[in-house]
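2 protein chains.
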Amino acid sequence: MSLPARADDGPRLGRPRDPSLDVALVEATLDLLAEGGLAAVTMEAVAARAGVGKATLYRRWPAKEQLVVDALATLSETVELPDGADVRESLVVLVSAVQRRRDSLAGRIFPRLVGQAEDNPELIRRYREQVLEPRRARFRAVLRRGVEEGVLRADLDLDHAYDLLVGPVAYRSLLRTDPPVGPDFPARVVD
Amino acid sequence: MSLPARADDGPRLGRPRDPSLDVALVEATLDLLAEGGLAAVTMEAVAARAGVGKATLYRRWPAKEQLVVDALATLSETVELPDGADVRESLVVLVSAVQRRRDSLAGRIFPRLVGQAEDNPELIRRYREQVLEPRRARFRAVLRRGVEEGVLRADLDLDHAYDLLVGPVAYRSLLRTDPPVGPDFPARVVD
DNA sequence: CGGTTTCGGAACGGTTGCGTCCCGCAAGTG
DNA sequence: CACTTGCGGGACGCAACCGTTCCGAAACCG
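The listed protein sequences derive, respectively, from chains D and Z.
Okay, so the first sequence: first residue is 14 according to our numbering, each after it adds one.
Okay, so the second sequence: first residue is 14 according to our numbering, each after it adds one.
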């Protein structure tokens with residue numbers, strides 16, 4: 014997960030690496046990424062924030078690119094759905110979660126990555142895998158349930174519906190405008 | 014517009030400034046901004062790309078921030094609406110324009126600015142003024158016409174409707190995913 | 001014409017991050 | 001125990017960019 018690439022040749026000689034430093038370095042990377050974007054993720058800054066010598070960092074990640082990719086791989090989102098919720102209610106919860114994620118770690122990192130999409134597609138790809146795709150899957154499941162229960166149109170394009178639901182909220186989150194009208198958002202679109 | 018701030022004390026002595034260099038510098042700034050983001054906009058790079066000495070650049074804009082702000086002020090979008098178009102048709106054209114803007118200069122600059130929203134709100138504010146607000150006004154006009162003609166619901170929240178229309182397209186443009194389903198996008202939402 | 005400003009080009013010192021290396025100590029192996 | 005590797009910390013030379021300054025030539029004024 015958060016571990017740097019390393020040949021696994023069984024037990025090593027000498028003092029073993031301190032695993033907690035891997036975590037500290039990854040966390041420092043994500044924090045800096047959220048605060049100042051990729052430009053703020055300097056090897057010096059990461060090591061300093063993790064309270065670690067530069068050699069310790071370079072021993073694990075010889076280059077910044079890989080460090081950031083590995084750090085992004087530790088991102089994840091989890092949204093709790095209320096137990097007996099019907100489809101509409103569930104969608105409201107999920108959309109609100111997207112809205113609320115604006116200030117979470119992953120949510121703050123996202124806009125920083127958007128600008129790097131062109132130069133560094135690997136980063137945004139990783140983010141998509143870790144955060145966006147799970148979210149989309151979550152929506153799909155609920156939407157499919159809606160179709161099966163007859164609440165939603167049978168010919169509904171699930172991915173398209175996802176875009177319509179999430180797009181407006183995510184877009185406004187990126188712009189950092191005031192929060193959208195609130196959780197009556199999905200209701201209007203599902204029609 | 015694209016001119017640097019300068020005390021306008023009437024005619025000056027000596028050799029007058031070459032106005033074409035103002036334009037060249039602003040264009041160089043926007044190009045670099047689109048290509049590599051704010052990080053790529055260095056005073057050296059701007060001067061070099063414009064084919065100009067650094068002194069010439071610094072004489073007009075003593076700091077980078079102001080240069081970028083002034084450069085952004087020259088951005089604009091124009092969308093031609095077909096003459097006899099009805100409301101739905103007009104919306105389709107406008108939404109498609111948003112989609113197509115993905116590869117325009119302004120469209121390529123936008124994702125670069127998104128990541129700077131936190132550190133440098135002035136930039137995104139400027140972009141919003143120059144590009145986003147005019148676009149929104151354009152939509153509002155068409156939507157209002159729709160309400161007046163009875164094609165759209167009378168209690169329609171124009172800004173909200175704008176978000177629902179543009180959000181999904183803009184969001185997917187930012188992600189640089191494949192283009193959305195196409196210009197049947199607005200039809201589904203306007204209902 | 002002389003005076004003034006702009007022009008391209010180049011140099012300057014200062015700052016920041018890079019990637020590497022070395023130190024002295026800590027923490028494991030046999 | 002000797003040996004090996006990890007650790008924090010700091011120093012190194014290198015490169016890029018900053019903002020400033022100087023130059024000689026060019027362009028415009030009265």
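Backbone N, C-alpha and C fix where the C-beta goes; we use that ideal spot for every residue, glycine too.
All of these numbers come straight from a predicted model, not from anything done at the bench.
Euclidean distance between Cα positions of ASP132 (chain D) and PRO95 (chain Z): Along the first sequence, one-based indexing puts residue 132 (chain D) at 119. Along the second sequence, one-based indexing puts residue 95 (chain Z) at 82. So the two alpha carbons sit approximately 37 Å from each other.
Report the option in D:VAL155, D:ASP197 and D:GLY120 whose CA atom is closest to the CA atom of GLU90 (chain D). Your numbering for residue 90 (chain D) matches position 77 in the first sequence. Comparing Cα positions, the closest option is D:GLY120.
Three or more beta-carbon pairs under 8 Å between the segment 41 to 52 of chain Z and the segment 112 to 128 of chain Z, yes or no? yes
Do we get a CB-CB distance below 9 Å when we pair TYR71 (chain D) with the residues of chain Z? In the first sequence, residue 71 (chain D) corresponds to position 58, counting from 1. TYR71 (chain D) does not count as touching chain Z.
Out of D:LEU104, D:VAL111, D:LEU145 and D:ALA110, which one is the CA nearest neighbour of LEU126 (chain D)? Your numbering for residue 126 (chain D) matches position 113 in the first sequence. Minimum Cα distance to LEU126 (chain D) is reached at D:LEU145.
Min CB distance VAL81 (chain Z) to chain D below 9 Å: Taking the second sequence and counting its residues from 1, one reaches residue 81 (chain Z) at position 68. VAL81 (chain Z) does not count as touching chain D.
Determine whether the beta carbon atoms of VAL160 (chain D) and ARG166 (chain D) lie at a separation below 9 Å. Translated into positions along the first sequence, residue 160 (chain D) becomes position 147. Translated into positions along the first sequence, residue 166 (chain D) becomes position 153. Going by C-beta atoms, VAL160 (chain D) is nearer than 9 Å to ARG166 (chain D).
Three-state class that DSSP yields for ASP116 (chain Z) in the structure shown: As a first step, residue 116 (chain Z) must be located in the second sequence, where it is residue number 103. In this structure, ASP116 (chain Z) counts as helix in the three-state DSSP scheme.
For ARG138 (chain Z), which residues in chain D fall below 9 Å Cβ to Cβ? Sequence index remark: in the second sequence, residue 138 (chain Z) carries index 125 (1-based). Those within 9 Å of ARG138 (chain Z) in chain D number zero; the least Cβ separation is about 10 Å.
Taking Cβ to Cβ, would you say PRO193 (chain D) is nearer than 9 Å to ARG185 (chain D)? The count along the first sequence starts at 1 and reaches residue 193 (chain D) at position 180. The count along the first sequence starts at 1 and reaches residue 185 (chain D) at position 172. The answer is yes: Cβ separation under 9 Å.
Are the segment 95 to 114 of chain Z and the segment 164 to 182 of chain Z touching by the rule of at least three beta carbon pairs closer than 8 Å? yes
So which of Z:VAL81, Z:ASP35, Z:LEU171 and Z:LEU26 has the shortest CA-CA distance to ARG139 (chain Z)? One-based indexing of the second sequence puts residue 139 (chain Z) at position 126. Of the candidates Z:VAL81, Z:ASP35, Z:LEU171 and Z:LEU26, the one whose C-alpha sits nearest the C-alpha of ARG139 (chain Z) is Z:VAL81.
Does DSSP put GLN143 (chain Z) in a helix, in a strand, or in coil? Position 130 of the second sequence, counting from 1, holds the residue named residue 143 (chain Z). Three-state DSSP puts GLN143 (chain Z) in a helix.
Can you name the start and end residues of the alpha helix (DSSP H) that LEU38 (chain Z) belongs to? Translated into positions along the second sequence, residue 38 (chain Z) becomes position 25. LEU38 (chain Z) -> alpha helix (DSSP H) spans 32 to 49.
What are the boundary residues of the alpha helix (DSSP H) that GLU78 (chain D) is part of? The residue given as residue 78 (chain D) occupies position 65 in the first sequence. 77 to 85 is the span of the alpha helix (DSSP H), which, as asked, contains GLU78 (chain D).
At least one CB of chain Z closer than 9 Å to the CB of LEU187 (chain D): is that the case? Taking the first residue of the first sequence as 1, we reach residue 187 (chain D) at position 174. Yes, LEU187 (chain D) counts as interfacial toward chain Z.
Buried or exposed: which applies to VAL164 (chain Z), given that a residue is buried once 16 or more other Cβ atoms fall within 10 Å of its Cβ? Stepping through the second sequence from its first residue, residue 164 (chain Z) is reached at position 151. Answer is exposed; the Cβ neighbour count stays below 16.
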